[in-house]
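Residues -25 to -1, 1 to 291 in mature numbering (1 follows the signal peptide of the UniProt record, and there is no 0) are what the sequence shown lists, from first letter to last. Each residue gets a CB set at the ideal place from its N, CA and C atoms; glycine is no exception.
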Amino acid sequence: MKVRRARGWLTALALFLACPGTGVSSEYLSGETQAREYRLWYRNYDSPPIRALVALAFDKTPEYGSYRITRTPEMAQGRVVRELERQQSKLVDLANVATSKQREESLQAIPIPIDGGLLGLRVCVVLKESLPRFKGIRSLGNLEEVGIRIGQGAHWPDSSILQANGVSVVTHSRYEILFRMLENHRFECFARGVNEVLFDLELENNEDFAIEPDLLLAYPMPSYFFVNRHDHETAHRLQLGMERAIFDGSFGAYLNQYYGQSIDELNLHSRNVLVLENPYLTDESRAIGTRTLLELRRRIQILSAPQKTSYSNPES
């Protein structure tokens, strides 16, 4: 059985940052003792926005019963994908990762971009001492000319996307180690999604790190929830819950609450955009990713227009 493709994702994008921050449920355990346990990949569990979205989808589907969200052991992204491919993994039930053709063939995707397309917009975390090297970069070719290397996870789709566009990439399997590699000058830019970079730096709490202010890497790369291909119940529950949240406005409120600050603080509208191709998507995800990216850029322009008279950043 295949989860039907969501028709509501574009509606969610139209709601992006348009709804007031009405809040997202933080109820991760219902009162019943027989709550089903859902093991969420530790990187997602430790991310307040992603964990809140899982809870939102589950809260919207009470007919599936009570639930409990738990944290998996720490494992690299490549490992969690392999675990999800196992029909009866004892370690993980669901994970949010960027999509690719290979992942959609081996796993069950819930094809709604969880962050409104923000993962495909990337900024550089750099050492403050390296900031002058980024001045005047206007193209991907300039990155090579100046000798800018980008750090990424060994199993992240971004690594292949960047390499396919001629960018020099340095990889490691562990996300945490990549920050240490940046400190040790193994590369100059750790490219992070605009939906995650502020949270990253808050956790790192390293005064030597800075967000490069001028560049924005952009490529279509939807970020989906994935489950095992045979776990139809979890797939249906996630998709139905997210669709209900889209149509009642709570998904738009979620996007505003957790990502509105990033749009504002990172000054996305004023950055020089370097557009990359993503050759590793299915036709359907390429269409979703491309239209999502275009819609997101349009929303950013509207929100950043001089005639905007009021906007407040909800607390995340």
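Rounded straight-line distance, which links the Cα of residue j to that of residue i
i, j, result
"Leu157", "Pro37", "45 Å"
"Arg46", "Ile221", "26 Å"
"Ser198", "Val72", "6 Å"
"Arg272", "Gly235", "14 Å"
"Asp34", "Ala193", "33 Å"
"Gly(-5)", "Ala27", "Low confidence applies here, because Gly(-5) scores a pLDDT of 38, under 50, leaving its location unreliable; read the following figure in that light. The straight-line gap from Cα to Cα measures roughly 14 Å."
"Arg54", "Asn19", "14 Å"
"Pro254", "Glu80", "15 Å"
"His205", "Arg212", "14 Å"
"Leu268", "Pro195", "6 Å"
"Cys99", "Pro48", "28 Å"
"Ser260", "Ser134", "18 Å"
"Leu69", "Val202", "5 Å"
"Val155", "Phe184", "According to the sequence provided, residue 155 is Arg. The question's Val does not apply to it. So the alpha carbons of these two residues sit roughly 11 Å apart."
"Tyr150", "Asn247", "26 Å"
"Gly111", "Leu249", "13 Å"
"His160", "Asp239", "29 Å"
"Val142", "Gln83", "30 Å"
"Ser105", "Ile186", "11 Å"
"Asn231", "Ser225", "10 Å"
"Leu241", "Arg113", "18 Å"
"Arg124", "Gly40", "48 Å"
"Thr74", "Ile263", "11 Å"
"Ile89", "Glu270", "15 Å"
"Asp21", "Glu177", "13 Å"
"Arg219", "Gly227", "11 Å"
"Gln63", "Met50", "17 Å"
"His207", "Asp258", "23 Å"
"Pro23", "Thr265", "27 Å"
"Glu120", "Asp175", "29 Å"
Whether residue i touches residue j by CB criterion (8 Å)
i, j, result
"Leu256", "Val169", "no"
"Asn140", "Leu251", "yes"
"Gly126", "Cys164", "yes"
"Ser148", "Gly122", "no"
"Ile85", "Phe200", "yes"
"Asp223", "Phe109", "no"
"Val144", "Leu137", "yes"
"Trp131", "Gln52", "yes"
"Arg11", "Tyr42", "yes"
"Leu31", "Tyr233", "no"
"Ser243", "Leu15", "The sequence given here has Leu at residue 243, not Ser. Cβ distance not < 8 Å, so Leu243 and Leu15 don't count as in contact."
"Leu191", "Ser237", "no"
"Val29", "Ile44", "yes"
"residue 294", "Thr209", "Outside the shown range of the chain (-25 to 291) lies residue 294, about which nothing can therefore be said."
"Ile25", "Met217", "no"
Span of the alpha helix (DSSP H) around residue i
i, result
"Gly111", "That residue, Gly111, is in no alpha helix (DSSP H); it is neither H nor E in DSSP."
"Asn181", "Neither: Asn181 is in no alpha helix (DSSP H) and is coded neither H nor E."
"Arg161", "That residue, Arg161, is in no alpha helix (DSSP H); it is neither H nor E in DSSP."
"Asp239", "Ser225 to Glu240"
DSSP beta-bridge partners of residue i
i, result
"His147", "Gly128"
"Tyr39", "Paired residues: none, contrary to the question."
"Ala193", "Leu96 and Val250"
"Ile44", "Tyr13"
"Gly168", "Arg97"
"Ile186", "Val100"
Endpoints, beta strand (DSSP E) assigned at residue i
i, result
"Leu249", "Asn247 to Val250"
"Tyr199", "Ser198 to Val202"
Heavy atom of the ligand SAH within 7 Å of residue i beta-carbon
i, result
"Leu106", "For the ligand SAH, the structure offers nothing, since it holds no ligand at all."
(message) Report the start-end ranges of each beta strand (DSSP E) in the region 7 to 35 that is 3 residues or longer and not cut off at the edges.
(response) 11 to 15
(message) Please give the ranges of any beta strand (DSSP E) in the region 52 to 115, keeping only runs that are unbroken, at least 3 residues long and fully inside the region.
(response) 69 to 73, 83 to 85 and 96 to 102
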